[in-house]
Amino acid sequence: MTLSRRLRDLLSHGHARDVALLEGDGLQHERPETPVDAAVLVAVTDRDRPGVILTQRPETMRKHPGQVAFPGGRVDPEDVDLVAAALREAHEEVALPSNVVDIIGATDPYRTMTGYRVTPIIGVVPPDLVLTPNADEVAAIFEAPLDYLLNPANQQTNTLEFNGRTRTYYEIFWDDRRIWGATAAMIVNLSKRLTWPI
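Going by numbering that gives the first Met the number 0, the sequence shown opens with residue 0, and the numbers climb by one from there.
This is the structure we're talking about:
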């Protein structure tokens, strides 16, 4: 069975599971009532041990400096849907060609403290693509194993103080990378939808 077929089957069955999902960062009182739609591409590499393409933001960025993220961003008026937005952003950020992505489907949206409703779009891509970071938005591109990310044993919880309140969040450490915040939360949600490996 191909990787695309396996993921489609898992996503289809996974959405029927009765699981407690992370719907947001718990700071609803800090966020705008009407969220801004955004989409990210969860690009899974088609190899014996599938990986996920992730980016690290430059330390010079005004928002979320140095954080690890999926390629993606807000939905623009010219985007026909969330999939189009995720593909456009992935092309802009890492020069990922849209025509090589086999779209599997959307997973559960996640609300961020900055007022976005982010929908992850899963897609399968060929392994070892030559990707080029957009220096304004991406400091580095790397790949982490899908099975490692989805393993609950690798998903740690931590807390921090924000505006006088205690916030609990997830973080995942892979090599020397720290994945946390909304990206880690979306991975945790995905791990609740998918049982991997099969």
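Where is the CB? At the ideal position from N, CA and C, for every residue including glycine.
Counting only the same chain and skipping the five closest in sequence on each side, list residues whose C-beta sits under 8 angstroms from that of residue i.
i: Pro-125; result: Thr-44, Asp-45 and Val-99
i: Ser-190; result: Leu-148, Leu-149, Asn-150, Pro-151 and Gln-154
i: His-90; result: Pro-96 and Ser-97
Give every residue of the same chain whose Cβ lies closer than 6 angstroms to the Cβ of residue i, excluding the five residues on either side of it in the sequence, and list them in chain order.
i: Pro-57; result: Ala-138
i: His-28; result: At His-28, the pLDDT of 48 sits below 50, so the modelled position is not reliable and the matter cannot be decided from this model.
i: Ile-178; result: Val-67 and Ile-171
i: Leu-9; result: Leu-193
On a CA-only basis, which of the options is nearest residue i? Give me that one, please.
i: Glu-136; options: Glu-77, Thr-54 and Val-82; result: Thr-54
i: Val-39; options: Asn-150, Ala-19, Asp-107 and Leu-145; result: Asp-107
i: Arg-110; options: Gly-13, Leu-21 and Glu-170; result: Leu-21
i: Gly-104; options: Thr-118, Thr-113 and Val-51; result: Thr-118
i: Pro-196; options: Asn-188, Ala-181, Arg-176 and Asp-146; result: Asp-146
i: Asp-80; options: Thr-194, Ile-120, Glu-142 and Asp-17; result: Ile-120
i: Ser-3; options: Pro-144, Gly-122, Glu-91 and Asn-188; result: Gly-122
i: Asp-174; options: Thr-156, Ala-143, Met-185 and Gly-163; result: Ala-143
i: Ala-42; options: Arg-73, Leu-86, Asn-162 and Gly-72; result: Leu-86
I'd like to confirm something about residue i: is its beta-carbon nearer than 7 angstroms to some heavy atom of the ligand MG, or not?
i: Pro-76; result: With respect to the ligand MG, the structure shown offers nothing to examine, as it has no ligands at all.
Got a sec, what are the start and stop residues for the alpha helix (DSSP H) residue i sits in?
i: Leu-40; result: First-last for Leu-40: 35-44, but that is the beta strand (DSSP E), not the alpha helix (DSSP H).
(message) Going residue by residue through the segment 88-146, where are the continuous beta strand (DSSP E) segments of at least 3 residues, counting only ones entirely within it?
(response) 101-105, 115-124 and 139-144
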